[in-house]
Structure formats: structure tokens, C-alpha cells
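Structure first, then comments.
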């Protein structure tokens with residue numbers, strides 16, 4: 001990670017009020033695909049990591065039993081809470097959580113994990129650890145939308161700022177999911193540097 005958790009939290013809190021209006025068409029397309037692929041059922045609990053202002057969490061709350069929205073930025077979560085209240089959504093819980101410690105009850109079952117445009121702030125070994133933590137929730141499906149390289153990295157292209165970002169290749173992320181007992185069932189190419197990856201559990205956690 002090129003900046004500390006606290007530095008990332010402060011950076012996003014400062015831009016929280018205008019965050020939703022600053023998103024590109026590619027970001028919106030990525031978020032839409034994450035929502036579509038997550039496809040929770042009425043009895044499902046969704047864990048949304050790096051939830052930000054709630055773009056994914058609030059959309060999935062319409063279909064899921066409950067959504068656990070986790071982020072490190074209080075400013076971003078305050079925006080998410082405001083939007084949830086405006087929509088009368090009472091099934092979304094915004095709370096502090098990091099990729100390696102999402103702050104959920106170990107006895108609380110999770111069915112689907114989502115994350116959009118957040119994991120790329122971690123170094124590759126930290127991403128692997130984060131995916132291991134996602135797996136340990138017991139989720140049957142993980143849907144990741146993120147900055148990820150299909151080709152050689154290009155700092156001049158959109159979505160990659162080397163001073164704050166540390167994206168992986170798509171192959172590195174796919175390998176991390178398969179190592180945790182998941183089959184990658186879809187890889188959507190939004191841009192040369194943006195992907196949506198869908199992973200379905202094929203190997204159960206040890207008892």
C-alpha cells in the first residue's frame with residue numbers, strides 16, 4: 001500500500017460530498033456489472049467492502065436480506081447513510097471495516113461479497129490476504145470490480161495513478177481467487193485497465 005489506511009481515509013473523506021458526481025462512464029459501467037453479477041437472493045447477506053458512498057450496497061439492498069457496507073472513510077459512509085435514509089432503506093449497515101478486517105461478527109453468515117474500485121490500493125500480497133479474508137466469510141460468490149491490467153500498465157491512461165494506486169494484473173487476481181477455492185466464472189473487460197471478476201466457490205472451507 002503506497003499510502004497508509006489513515007491517509008486514504010482522509011483523502012476520500014475530503015472528496016465525499018462530490019464523489020458521486022465525479023465518476024466516469026467506465027466506473028458506472030463497472031458498478032452496474034458488479035450489481036448485476038452479485039445477484040443476491042431475498043435471504044442473502046451481502047458484504048460490500050470499500051463501500052464508499054454506497055453505490056453497490058444501496059442497489060443490492062433492494063434484493064438482499066441485509067447489506068453490510070464497510071469502508072475506512074467516515075465521510076464517505078456519512079454520505080451513504082444519508083442516501084439510505086433518503087430512500088427509506090433500513091437493511092444497510094454502514095460501519096468501519098478494512099479489507100483484512102471487515103469488522104463483521106464471525107458467527108454472522110455472509111452469502112455474497114462485493115467490492116468496487118477499492119482493492120487496487122493494496123499491494124499484490126495484501127490483495128491476496130484480502131481475498132483470503134473474503135473467502136473466510138463463507139461467501140459462495142465474490143464479485144470484484146477494480147482497476148486491473150489486461151495489458152502492460154499505462155500511467156498515462158485513465159484509472160491508474162501510480163502515486164496512490166497499486167493495481168494487479170487480471171491474471172494475478174484470478175490466481176488469488178482460485179487459490180482460495182473459487183472458480184472464476186466471468187471476467188468482464190470494461191477498459192484495458194478496468195475489470196469485473198466473478199468468482200464462485202467450488203471448494204468448501206475446512207470444518
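Numbering (UniProt numbering), first residue to last: 1 to 207.
Ideal placement from N, C-alpha and C gives every residue a C-beta, glycine not left out.
All values derive from a computational prediction rather than experimental measurement.
CA-to-CA distance, residue j to residue i, given in whole angstroms
i	j	result
residue 179	residue 191	26 Å
residue 167	residue 35	21 Å
residue 131	residue 194	18 Å
residue 30	residue 196	7 Å
residue 84	residue 111	21 Å
residue 146	residue 89	26 Å
residue 135	residue 155	31 Å
residue 126	residue 102	14 Å
residue 165	residue 121	5 Å
residue 10	residue 150	30 Å
residue 86	residue 152	43 Å
Where residue i falls, given that 16 or more other Cβ within 10 Å makes a residue buried
i	result
residue 82	exposed
residue 49	buried
residue 40	buried
residue 171	exposed
residue 79	buried
residue 58	buried
residue 42	exposed
residue 38	buried
Residue from the options with nearest C-alpha to residue i
i	options	result
residue 56	43, 74 and 93	93
residue 73	13, 33 and 27	13
residue 100	173, 137 and 77	137
residue 169	95, 175 and 148	148
residue 67	139, 91 and 76	91
Close Cβ partners of residue i (< 6 Å) along its chain, the five nearest in sequence each way excluded
i	result
residue 141	112 and 200
residue 115	49, 50 and 144
residue 174	184
Sequence-distant residues of the same chain with beta carbon closer than 7 Å to residue i, five excluded per side
i	result
residue 176	127, 128 and 131
Presumed contact (8 Å Cβ cut-off) between residue i and residue j, rounded CB distance
i	j	result
residue 95	residue 70	6 Å
Any non-hydrogen atom of the ligand ADP within 6 Å of residue i CB
i	result
residue 128	Among the components modelled here there is no ligand, and therefore nothing to report on the ligand ADP.
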